[in-house]
Structure formats: structure tokens, C-alpha cells
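Since the structure comes first, as C-alpha cells, the remarks are kept for the end.
Okay, here's the thing in C-alpha cells:
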């Protein structure tokens with residue numbers, strides 16, 4: 051049995067994952083690899099709550115601000131790159147911490163993604179143009195017709211996910227959902243999963259305060275700086291979409307801030323639903339620091 055262990059920390063936005071991951075990494079003197087699908091990108095540290103300069107100096111981090119906003123660093127690409135990086139890190143460390151709230155990327159790292167057929171670039175460009183001219187609702191409606199099963203579970207506010215499923219349906223003539231086998235790939239390391247959670251009302255209050263702090267520290271200015279790239283998939287996320295609507299005159303500044311809070315709370319709820327289906331996760335309050343560390347210690351010792 052491998053003595054290498056990936057300590058995976060998951061949970062909803064605002065639930066204290068970053069602080070916990072640093073504490074765990076310092077305990078084991080090991081690096082951190084991010085599984086947050088937006089923290090990969092440069093130029094948006096405030097809206098994605100990337101670790102601060104001080105936090106990055108405390109522990110070696112990977113896949114933080116590592117990619118350009120114009121790159122499409124999807125799950126498949128991340129799985130390959132992250133496994134290659136883990137192989138290098140495990141050559142020097144017995145433990146590595148993985149932290150983030152992007153469920154699909156956590157799944158890619160721990161279990162692998164289904165192999166999907168290559169899609170013609172012309173079809174991808176056609177759907178991209180339709181997204182711009184007809185809007186996301188039109189693509190959602192076509193997905194509902196071609197794959198009603200996946201339509202029910204996909205995040206219909208995420209244009210990249212909708213377009214990806216639709217392009218596979220069109221290219222193959224088969225529902226995207228039937229190509230998702232869910233076959234788990236074996237990994238050459240052990241996996242221990244920790245989840246951070248708390249009372250829903252407390253979590254939502256923390257999220258609201260966090261958004262206020264983002265505004266105070268320059269989220270609007272950050273969003274204005276990347277506004278010319280608003281079409282990029284990397285910016286189709288909470289915090290930036292709402293600011294872009296404000297810049298376009300669709301909403302007021304105050305409305306945009308309230309929508310960021312509301313949509314962040316909704317995102318947290320979806321994260322809890324996603325991770326709640328994973329029976330391998332051991333859940334704790336982030337305030338139970340010693341209890342969490344003792345649990346990880348027991349698991350790591352058992353695996354050795």
C-alpha cells in the first residue's frame with residue numbers, strides 16, 4: 051500500500067477552507083494544490099479569494115494564479131496537469147493538501163473524468179457565437195430537448211457547462227448524460243477527505259461579510275480591469291458577471307453587490323448538495339481545528 055496521502059479539504063465558499071489548509075500543510079510540512087476552478091487564473095485575486103501574499107509565503111502553493119484568463123483550463127486539462135504535479139510533489143513529500151470548493155475539479159483529481167469525444171472547432175465556435183447572439187437560455191432549451199436528464203442536474207447559469215454538454219450531444223448524436231460512465235480511476239496515493247461546514251445562517255452571514263470585504267478591497271476595480279475579457283470562460287462566475295451587468299447599465303452598483311451576495315449564497319448551497327453526496331467526506335466545523343488534525347493524524351498513521 052502506498053504511504054503517500056492526499057489530504058482533500060472541501061466545503062462551501064466562505065467556510066474557512068483556506069485557513070484550515072494552511073494549518074494542515076504546516077503540520078505536515080507539505081505543499082498545497084488548489085482545486086478551485088477560478089483561483090487558477092491571474093488578475094482576479096480579490097473576487098476568487100485567492101490566498102494572500104502572506105499565506106502564499108507560509109506554505110508552497112500550486113495552481114494559484116498559474117493560468118491566463120484567456121486559457122480554457124477545463125477539468126480534463128486540470129486532471130492531467132494536477133496528477134503530473136502530484137507525482138513530482140510526492141517524490142519529496144509523504145502528504146500533500148488539496149483544497150477548494152469546485153466539486154467537479156475535486157472529482158477529476160480524486161476519481162478521474164469520463165473520456166469525451168473531441169469536438170470539431172467549428173461547432174464550438176458556432177455555439178460560442180450563438181451564446182453571444184441568442185443568449186444562454188436558448189442553449190439551455192436545446193440541451194433540454196437533446197438531453198433532459200443532464201438538463202435537470204447541470205448548473206444552467208454556467209455557460210461553459212451548458213455549451214460543453216450541448217456540443218457533445220450535437221457532435222455524437224447521443225445524450226451527454228449517457229457518456230458519463232462515472233467509472234472511478236485508481237490513484238497511486240491514498241485519499242483522506244475533510245469537509246468544513248457550519249450552521250446555514252452563520253455561513254450566509256460570513257458570505258455576506260466576505261462580499262463586503264471584497265468590495266472594500268477593490269473588487270469593482272478588479273472587475274473593470276478584466277472587463278475587456280468578459281467573454282472568457284474564466285470570468286463566467288459569481289462576482290464578475292454581476293459587476294459586468296452593472297458596468298453595462300443593466301443594474302445599479304448596490305443591486306450588483308446584493309446579487310453577488312445572493313448568488314454566492316446560492317452557490318454555497320449547491321456546493322453543500324454536491325459534497326453531501328460524497329460519503330467519504332468527514333465533516334467538521336472549521337473551529338474544530340484540533341479535532342480535525344487529530345482525525346487526519348489517525349488516518350495518516352493508519353495508512354502508513
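In my numbering, the protein residues as written are 51 to 354. All residues carry an ideal CB built from backbone N, CA and C; glycine is no exception. The model shown is predicted, which means the values in this text are computed figures rather than measured ones.
Per the Cβ contact rule, the region 258 to 274 is not in contact with the region 225 to 241 (fewer than 3 Cβ pairs under 8 Å). In terms of Cβ geometry, residue 318 and residue 98 do not form a close pair [threshold 7 Å]. Per the coordinates, the alpha-carbon of residue 179 lies some 11 Å from the alpha-carbon of residue 281. Listed as beta-bridge partners of residue 332 by DSSP are 244. Annotated as distal: residue 147 and residue 139, with beta-carbon spacing of 7 Å or more. Scanning the region 274 to 339 from its first residue to its last, the whole beta strand (DSSP E) runs of 3-plus residues come out as 331 to 334. The Cβ atoms of residue 204 and residue 211 sit closer than 7 Å to each other.
Contact between residue 70 and residue 59 holds: their C-beta atoms lie close to 6 Å from each other, under 8 Å.
By the beta-carbon neighbour count (other beta carbons within 10 angstroms, threshold 16), residue 55 is buried.
Boundaries of the alpha helix (DSSP H) harbouring residue 103: 103 to 108, taken from the DSSP string. In chain order, 218 and 229 place their CB closer than 7 Å to the CB of residue 166, counting only its own chain and leaving out the 5 sequence neighbours on each side. The beta-bridge partner set that DSSP reports for residue 99 is empty. Contact between the region 293 to 311 and the region 263 to 277 is present: 3 or more CB-CB pairs across the two stretches fall below 8 Å.
Looking only at 155, 207 and 121, the smallest Cα-Cα distance to residue 185 is reached by 207. With respect to residue 314, residue 288 sits close: the two C-beta atoms are nearer than 7 Å. In the structure shown, the three-state DSSP call for residue 57 is strand. The residues 161 and 162, in chain order, have a CB closer than 8 Å to that of residue 235 in the same chain once the five nearest residues on each side in sequence are set aside.
The C-alpha of residue 193 lies about 12 Å from the C-alpha of residue 223.
For the options 133, 144 and 198, the alpha carbon positioned closest to that of residue 79 is the one of 144.
Residue 137 is classed as exposed because its beta carbon has fewer than 16 other beta carbons within 10 Å across all chains shown. Following the DSSP letters along the chain, one finds residue 257 inside the alpha helix (DSSP H) bounded by residues 250 to 266.
If you look at residue 72, you'll find it in the alpha helix (DSSP H) that goes 67 to 78. If you check the CB distance, residue 283 and residue 86 do not come in under 7 Å. Sequence-distant Cβ neighbours of residue 118 in its own chain, meaning closer than 8 Å and more than five residues away, are 91 and 92. Every unbroken stretch of the beta strand (DSSP E) spanning 3 or more residues and falling wholly within the region 105 to 190 is given here in chain order: 145 to 149. Under DSSP, residue 84 shares a beta bridge with 149. Residue 226 has no beta-bridge partner at all, per DSSP.
Here residue 333 has 245 and 247 as same chain residues with Cβ atoms under 6 Å from its own Cβ, once five neighbours each way along the sequence are excluded. Rounded to whole angstroms, the Cβ separation of residue 129 and residue 159 is 6 Å, and the two are in contact under 8 Å.
Residue 91 is bridged by DSSP to 117.
Taking the CA atoms as reference points, residue 273 sits about 15 Å from residue 302.
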